[in-house]
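Colleague:
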Amino acid sequence: MRIAYVFFGAFLAIAQSAYAEVASPPVLAPLKRQAQAAELSAQFLSRYSYKPVPLDDALSARIMDQFIKSLDPDRMLFLQADIDRFMSDRSEIDDAIERKDLKIPFAIFNAYEQRVVDRMNYARSLLKQGFDFSAQENYSVLRDKAPWPQSEAESNELWRKRVKSDWLRLKLGGKNDAAIRETLDKRYENTLERAYKFKSDDVFQSFMDAYSTSIDPHTDYFGAAASADFNVSMKLSLFGIGAVLQERDDYTTIRELVPGGPAQLSGKLAVGDRITGVGQGKDGAIKEVVGTRLDEVVQMIRGKKDSVVRLDILPADAGADGTHRVISLVRDKISLDKQAARKTVLSVKAGDATRKIGIITLPVFYEDFEAKGKGDKDYKSASRDVAKLLDELKQEKVDSVLIDLRNNGGGSLDEAIDLTGLFIGNGPVVQQRGSNGKIEVKSAEFAEPVWTGPMGVLINRGSASASEIFAAAIQDYGRGVIVGEPSFGKGTVQTVVDLDQIVRNSKPEFGELKVTIAQFFRVNGGTTQLHGVTPDISLPGLSDPTVFGETSYDNALPWAEIKPANYARADTVATLLPTLQSRHDARVGSDPDFQRLLKDIADLKAQREKGVISLNEAERRKEATAREKRFKDRAEAGDGEDLGDDGLEAGERSLSADIAIENARKNAKDVLLDEATAILADEADLQPGVLKAATKQTGKTDGK
């Protein structure tokens with residue numbers, strides 16, 4: 000999935016701000032290396048993508064549209080006149096990139112910063128007055144296709160409703176007027192302050208995001224920061240102190256200590272402590288970081304293994320003028336175990352028996368490419384970790400295994416193939432077609448499966464790419480039952496290209512491209528592109544396919560089909576499906592938790608389709624009362640507590656309150672997981688013996 004910067008809005012050359020007394024944000028200018036990187040990227044993308052797109056006027060227009068959309072997705076800041084001015088340069092971006100000229104996107108962004116300052120100050124000015132919540136008016140929450148305001152007065156009206164909506168949410172959450180004014184003033188001030196912290200690299204990353212996704216939805220540009228984050232996500236490790244940090248009121252605050260990391264082992268840090276300064280080495284000067292962007296502080300704290308970092312700490316229980324302390328920590332390798340494969344075992348009633356279901360949750364298909372390339376026998380890998388967990392589950396004598404891939408956005412293709420091999424042994428897993436039309440069959444090469452018993456895969460709309468390769472192969476082989484909602488629908492393969500290596504640049508300056516190089520196909524000849532993997536047994540989902548998933552992109556590749564690979568399909572699961580479906584239908588029909596989930600989904604869908612919320616207090620209180628009653632009924636039934644809506648955003652509550660809410664959500668009953676395990680318990684109950692994987696290649700089949 001993409002790594003991106005999120006901005007509040009954008010604006011180009013506009014009239015003098017009504018709040019001229021407020022200092023203008025810094026004017027950002029493109030750097031020479033950025034212009035070179037853009038031109039180098041254009042050369043590569045126009046020649047070597049799976050479906051090369053020439054950098055011409057048509058692509059220029061798409062880039063402009065995408066850039067504007069990324070900066071003002073809700074059309075809350077631009078005026079129509081500004082959009083008209085943008086359009087005068089709509090066909091010029093291609094020529095500008097070839098000339099290594101990035102003035103157009105930087106001019107847009109600089110004016111965007113000024114507009115954020117203008118709009119936030121206007122929003123804060125509205126807090127001085129109250130609002131009439133007895134009036135009958137609505138606020139539109141879906142403005143991505145709405146027209147831009149025609150005048151400043153129309154823009155002011157939009158923002159009046161926006162602020163009124165924010166105020167009403169807090170009021171319904173139990174806040175008094177004084178507390179609401181304080182909360183919203185701080186919220187808008189924080190947004191305003193972020194406009195002063197943008198750097199040239201932020202502008203360039205945002206522009207290159209617009210360029211790359213105009214080629215296809217999964218082509219990306221990685222600047223230095225984005226590249227580092229991508230590498231960490233694949234290695235599941237980094238060198239640092241082992242602390243999860245969060246920005247709160249200009250302070251870099253410790254939200255969590257990683258068990259076994261230097262910070263936790265030192266005993267010198269606690270959750271809630273604030274980092275006010277960072278120094279390098281045993282004697283390096285400490286640089287104050289209050290008000291510094293979080294990503295910059297993180298980069299200062301990370302470093303080489305066994306190096307020393309010094310932190311100036313303001314304790315959690317100290318006031319702003321409290322006593323500081325300086326501590327020294329030695330950086331070490333930090334494993335991000337929360338993103339690694341993990342297991343649990345549930346006992347589920349099926350028929351007259353109780354079945355033990357082993358659940359393996361895999362958040363991402365990770366692989367430490369660097370360590371593997373160096374020959375490290377203990378390199379981090381999703382399939383290797385899952386193999387160990389399967390051995391443990393065998394020792395625990397589970398009856399069936401469920402692989403939970405919900406919201407797993409993909410990762411390493413090789414890991415998806417090897418993970419499939421754990422369940423089928425040896426055989427083709429995926430077919431890959433390159434830009435030259437040549438088809439390559441990629442196979443798992445295990446002497447035998449690690450797990451030969453009943454199994455299944457749980458997917459949702461957030462299951463993409465490598466997740467879909469695995470789930471599709473399991474389904475095509477008839478190896479296990481696929482449960483959930485249709486997956487994302489990403490059927491393309493990307494590789495990461497180091498632009499500095501291409502031009503033999505010894506110093507890292509130009510960043511990296513994640514480029515689409517192929518399309519993958521199932522062993523049955525179909526593809527997950529657009530269609531995704533259709534579950535054998537469907538479960539409801541909360542996502543909106545019109546805005547999330549491959550079908551939401553207007554430049555996605557079409558669905559296609561090729562010849563099936565040579566593979567042998569087992570019919571065991573297909574034979575069981577009618578009974579599994581009927582048991583599922585009967586079970587969820589009388590399950591109050593499942594029925595409440597269906598009601599929640601229906602309510603959410605209705606709200607989406609409505610597209611507006613009322614700003615009338617009486618109407619909103621009536622809605623809130625109905626919601627509270629529903630949650631009260633759930634609590635009495637033992638289905639978690641009502642977290643409600645207090646109107647606050649992340650970081651506006653106390654840290655302890657935020658953590659408590661996060662933990663409550665983690666511990667809430669997982670209705671879909673419970674039903675998936677029940678389906679697998681039925682699968683185990685219905686099989687007379689242990690299901691054997693189809694591991695030998697036979698004559699060509701149609702996979703059906």
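Numbering follows numbering that gives the first Met the number 0, with no gaps: position 107 of the sequence shown is 106. Cβ coordinates follow ideal geometry from the N, Cα and C atoms, glycine included. The structure displayed is predicted, hence computed values, not measured ones.
(1) Counting only the same chain and skipping the five closest in sequence on each side, list residues whose C-beta sits under 8 Å from that of residue 573.
(2) May I ask whether a heavy atom of the ligand NAD can be found less than 7 Å away from the beta carbon of residue 256?
(3) Quick one: Cα of residue 592 to Cα of residue 664, how far?
(4) At 3 residues or longer, and completely inside the region 245-278: list those beta strand (DSSP E) runs for me, N to C.
(5) Rounded to whole angstroms, what is the Cα-Cα separation between residue 586 and residue 594?
(6) In the DSSP assignment, find the beta strand (DSSP E) that holds residue 393 and state where it starts and stops.
(7) On the DSSP bridge list, what partners appear for residue 287?
(8) So the candidates are 342, 419, 427 and 114; which of them puts its Cα closest to the Cα of residue 449?
(9) Taking the straight line between their C-alpha atoms, what separation do you get for residue 589 and residue 580?
(10) Starting from residue 137, follow its DSSP beta bridges and name the residues at the other end.
(11) Under a Cβ-count criterion, where at least 16 other Cβ atoms within 10 Å of its own Cβ denotes burial, should residue 545 be classed as buried or exposed?
(12) Is residue 75 helix, strand or coil by DSSP?
(13) Please confirm whether residue 456 and residue 402 have their CB atoms less than 8 Å apart.
(14) List the residues that DSSP assigns as beta-bridge partners of residue 238.
(15) In the DSSP assignment, the alpha helix (DSSP H) including residue 57 goes from what residue to what residue?
(16) Which stretch, first to last residue, makes up the alpha helix (DSSP H) that contains residue 474?
(17) Grab the span of the alpha helix (DSSP H) containing residue 96 for me, first residue to last.
(18) Check whether the Cβ atoms of residue 486 and residue 505 sit closer than 8 Å, and answer yes or no.
(19) Does the distance from the CB of residue 166 to the CB of residue 221 come in under 8 Å?
(20) Excluding the 5 residues flanking residue 311 on each side, which residues of the same chain have their C-beta closer than 6 Å to its C-beta?
(21) Would you tell me roughly how many angstroms separate the C-alpha atoms of residue 336 and residue 266, rounded to the nearest one?
(22) Count the CB pairs spanning the region 677-688 and the region 340-355 that are closer than 8 Å, and state whether there are at least three.
(23) Which same chain residues end up closer than 6 Å to residue 524 when comparing Cβ atoms and leaving out the 5 residues on each side of it in sequence?
(24) Name, in chain order, the residues that DSSP records as bridge partners for residue 221.
(25) Kindly give me the distance between the Cβ atoms of residue 194 and residue 24, rounded to whole angstroms, as I take these residues to be in contact under 8 Å.
(26) Contact between the region 297-306 and the region 200-209: three or more CB pairs below 8 Å?
(27) What's the C-alpha gap between residue 334 and residue 264?
(28) Can you name, in chain order, every residue of its own chain whose Cβ lies under 7 Å from the Cβ of residue 62, other than the five neighbours on each side?
(29) From residue 425 to residue 107, what distance separates their C-alpha atoms?
(30) Could you tell me whether the Cβ atoms of residue 511 and residue 489 are closer together than 8 Å?
(31) Taking the C-alpha atoms as reference points, what is the distance between residue 701 and residue 565?
(32) Just to confirm, is the Cβ distance from residue 405 to residue 471 under 8 Å?
(33) Under 8 Å, do residue 138 and residue 160 count as touching if we go by C-beta distance?
Modeller: Reading it off the structure:
(1) The answer, listed in chain order, is 477.
(2) The model on display carries no ligand, and the ligand NAD is accordingly not part of it.
(3) 16 Å
(4) Fully enclosed beta strand (DSSP E) runs of 3 or longer: 250-256.
(5) Taking the straight line from one Cα to the other gives about 11 Å.
(6) Here residue 393 belongs to no beta strand (DSSP E); instead the alpha helix (DSSP H) covers 381-394.
(7) 276
(8) 419
(9) 15 Å
(10) 613
(11) exposed
(12) coil
(13) yes
(14) 332, per the DSSP bridge assignment.
(15) 56-70
(16) Segment 465-475, the alpha helix (DSSP H) holding residue 474.
(17) 92-97
(18) no
(19) no
(20) 275, 276, 285, 323 and 325
(21) In a straight line, the C-alpha of residue 336 is about 21 Å away from that of residue 266.
(22) yes
(23) 560, 561, 562 and 563
(24) 511
(25) 5 Å
(26) no
(27) In this structure, the CA atom of residue 334 is about 14 Å from the CA atom of residue 264.
(28) 92, 209, 210 and 213
(29) 54 Å
(30) no
(31) Note that residue 701 has pLDDT 36, beneath the 50 cutoff, so the model's placement of it is unreliable and no number is given.
(32) no
(33) Contact: yes.
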